[in-house]
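First comes the structure, then the notes that go with it.
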Amino acid sequence: MKRAVIVAVLLALGAAARAAEMAPGFKPPAEKIEKPYTNDKCLKNCHGVPGFSAGGPGGELRDLFVDAQGFVLSTHGQKGVECIDCHRDADPNFHPRTGYPDVDCRACHAKTPPEGAYPPDALKALAAKGIKAPPEEARKAEGWLKTKHGGAWARGDEKAPFCVDCHTAHRIRKADDPASTVNRANLAETCGRCHADQVAGGRVGVWLARFRVGAHGKGDLTNRYDATECLSCHQGEAAHAEKSVTGQACPNCHRVPEERGREFASLHIRPNAAEQPLARALSWLYEAGFWGGVGALVLGVVFWGFTSLFRRDDG
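Going by this note's numbering, the sequence shown opens with residue 7, and the numbers climb by one from there.
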């Protein structure tokens, strides 16, 4: 009996300790917020306040801040889309630790929204408010599923990116907007959040490879060859499966079926050793050859200096 009591006490103390470690959950507003739940009601005293956060189901602290100005200037904000249009079940008076259903961008950005996409019947609900459906060029979810990113997401890979990982959730801009995370000038930073090893510089092999990419311009001065614009080479495979995103000529020469010759398909700036062992070896030889050449040049200069000095002494 005593043992059972001790065990119960220890369990209770453990639960209390875990509860103490958990971040505090949602704190209800002092006064009940009435419908309709407008953006102002969601942002003014809650999500629009810097540092606004709440504890998640595991006790972790979840950042729930939304840059109000960024959303207003976003594509969705400019069209009049409101928070509640995407987060349909949200109630500003009560937020469970588990949160609300994840928004599935395919509910609006697929030619045929899949069954079960949240929020359901999103396009009909927006149409009832006078908001037009996204244009044809912005409904590419089906194509995205054919890419490496989309395929990994469909397989349930936890590390696979979803739409918001590239486009952001509340600051979406058109690709030609300089402030867009998918603007060509910003791709190195956006893609680099996951592919840092492919973007980072510092090694001589990286510098030389980038110089060689830029040197392509001698063949056709009408094209830009910039190693920082990821889509120049990764046309549809990094976006939504389009045949050409930037109009660059790279795929004309560098499009090799992945199912065969993968190890020779691309000599990336910093190839992955597991997937491209031969490319990795060539990259290492390339760098070793460069430094070997530099070392030989230095030794040659030193040797020439010493021999010149001895000749003078003999004279």
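All residues carry an ideal CB built from backbone N, CA and C; glycine is no exception.
If you're wondering where the values come from, they're calculated on a predicted model, not measured in any experiment.
Quiz item: Of all the options Pro30, Ala294 and Asp182, which has the alpha carbon lying nearest to the alpha carbon of Pro102?
Solution: Cα-wise, what sits closest to Pro102 is Pro30.
Quiz item: From Ile338 to Ala158, what distance separates their C-alpha atoms?
Solution: The structure shown has nothing for residue 338, since the chain only spans 7 to 321.
Exercise. Report back the beta-carbon spacing between Pro56 and Phe71 to the nearest angstrom; my notes put them in contact at under 8 angstroms.
Key: Rounded, the Cβ-Cβ distance is 6 angstroms, consistent with contact.
Quiz item: I think Pro98 touches Cys52, with their Cβ atoms under 8 angstroms apart; what is that distance to the nearest whole Å?
Solution: Confirmed, Cβ separation roughly 7 angstroms.
Quiz item: In whole angstroms, what is the alpha-carbon distance linking His93 and Cys239?
Solution: If I take the Cα positions, the gap works out to 36 angstroms.
Quiz item: What is the residue span of the beta strand (DSSP E) that Gly359 lies within?
Solution: In the structure as shown, the chain starts at 7 and stops at 321, and residue 359 therefore has no counterpart that could be examined.
Exercise. Please say whether Ile137 and Lys85 have beta carbons closer to each other than 7 angstroms?
Key: Yes, these two residues count as a Cβ contact at 7 angstroms.
Quiz item: Between the beta-carbon of Ala60 and the beta-carbon of Arg68, is there less than 7 angstroms?
Solution: A Cβ-Cβ contact shorter than 7 angstroms links Ala60 with Arg68.
Quiz item: Arg112 lies in the beta strand (DSSP E); which residues open and close that run?
Solution: Unbroken run through Arg112 is the alpha helix (DSSP H), Arg112 to His115; no beta strand (DSSP E).
Quiz item: Is Arg145 helix, strand or coil by DSSP?
Solution: In the structure shown, Arg145 sits in coil (DSSP, three-state: anything other than H, G, I, E or B).
Practice problem: Output the distance between the C-alpha atoms of Phe58 and Lys165, rounded to the nearest integer angstrom. | Solution: Straight-line Cα distance between these residues: approximately 26 angstroms.
Quiz item: Should Thr196 be labelled buried (16 or more other beta-carbon atoms within 10 Å of its own) or exposed?
Solution: Taking a 10 Å sphere around the C-beta of Thr196, we find 16 or more other C-beta atoms and assign the residue as buried.
Exercise. Please list, in chain order, all residues of the same chain as Pro184 whose beta carbon is under 7 angstroms from its beta carbon, the five residues on each side excluded.
Key: Around Pro184: Ala191.
Exercise. Using 10 angstroms around the beta-carbon of Phe100, count the other beta-carbons present and answer buried if the total reaches 16, otherwise exposed.
Key: Burial call: exposed.
Exercise. Taking all protein chains shown into account, decide if Arg199 is buried (16 or more other Cβ within 10 angstroms of its Cβ) or exposed.
Key: Flag for Arg199 reads exposed.
Practice problem: Using 10 angstroms around the beta-carbon of Arg145, count the other beta-carbons present and answer buried if the total reaches 16, otherwise exposed. | Solution: The residue is buried, with at least 16 neighbouring Cβ atoms inside 10 Å.
Practice problem: Using beta-carbon positions only, say whether Arg112 and Ala147 come within less than 7 angstroms of one another. | Solution: The beta carbons of Arg112 and Ala147 sit closer together than 7 angstroms.
Quiz item: Opposite Phe100 in the DSSP bridges: which residues?
Solution: DSSP lists Asp97 as partners of Phe100.
Quiz item: Expressed to the nearest angstrom, what Euclidean distance is found between the alpha-carbon atoms of Asn45 and Ala96?
Solution: Approximately 12 angstroms, taken between the alpha carbons.
Quiz item: Considering Leu129, what are the terminal residues of the alpha helix (DSSP H) in which it resides?
Solution: Leu129: member of the alpha helix (DSSP H) spanning Ala128 to Ala134, first to last residue.
Self-check item: Assigned secondary structure, Asp183 (DSSP; H/G/I helix, E/B strand, else coil)
Solution: Three-state DSSP puts Asp183 in coil, outside helix and strand.
Quiz item: Which value, in whole angstroms, describes the spacing of the CA atoms of Pro126 and Lys249?
Solution: Here the C-alpha atom of Pro126 lies approximately 31 angstroms from the C-alpha atom of Lys249.
Practice problem: Report the residue from Glu142, Asp91 and Gly65 whose alpha carbon sits nearest the alpha carbon of His246. | Solution: The residue with the shortest Cα to Cα distance from His246 is Glu142.
Quiz item: Mind checking whether the beta-carbon of Ile39 lies closer than 6 angstroms to any heavy atom of the ligand NAP?
Solution: The model depicted lacks the ligand NAP and carries no ligand whatsoever.
Exercise. Tell me whether Leu288 sits in a helix, a strand or coil according to DSSP, three-state version.
Key: It is helical.
Self-check item: Residue from Gly295, Leu237 and Phe296 whose Cα sits closest to the Cα of Cys172
Solution: The shortest C-alpha separation from Cys172 is found at Leu237.
Quiz item: Does the beta-carbon of Asp163 have 16 or more other beta-carbons within 10 angstroms, so that it is buried, or is it exposed?
Solution: Around the C-beta of Asp163, fewer than 16 other C-beta atoms lie within 10 Å, and the residue is accordingly described as exposed.
Quiz item: For Ala128, does the count of other Cβ atoms within 10 angstroms reach 16, so buried, or fall short, so exposed?
Solution: With 16 or more Cβ atoms within 10 Å of its Cβ, Ala128 is classed as buried.
Self-check item: Helix, strand or coil at Leu67 according to DSSP, with G and I counted as helix
Solution: The answer is strand: DSSP assigns Leu67 an E or B state.
Quiz prompt | Buried versus exposed call for Trp150 [16 or more other C-beta atoms within 10 Å across all chains shown] | solution = Per the 10 Å Cβ criterion, buried.
Quiz item: Using 7 angstroms as the limit for Cβ to Cβ distance, is Asp108 near chain B?
Solution: Annotation note: the requested chain B is absent from the structure, which comprises a single protein chain.
Practice problem: Name the residue from Cys114, Gly301, Glu37 and Gly62 whose alpha carbon lies nearest to the alpha carbon of His82. | Solution: Comparing Cα positions, the closest option is Cys114.
Quiz item: Which same chain residues, not among the five before or five after Asp91, have their C-beta less than 7 angstroms away from its C-beta?
Solution: Within the same chain, Asp91 has close Cβ partners Ala131 and Leu132.
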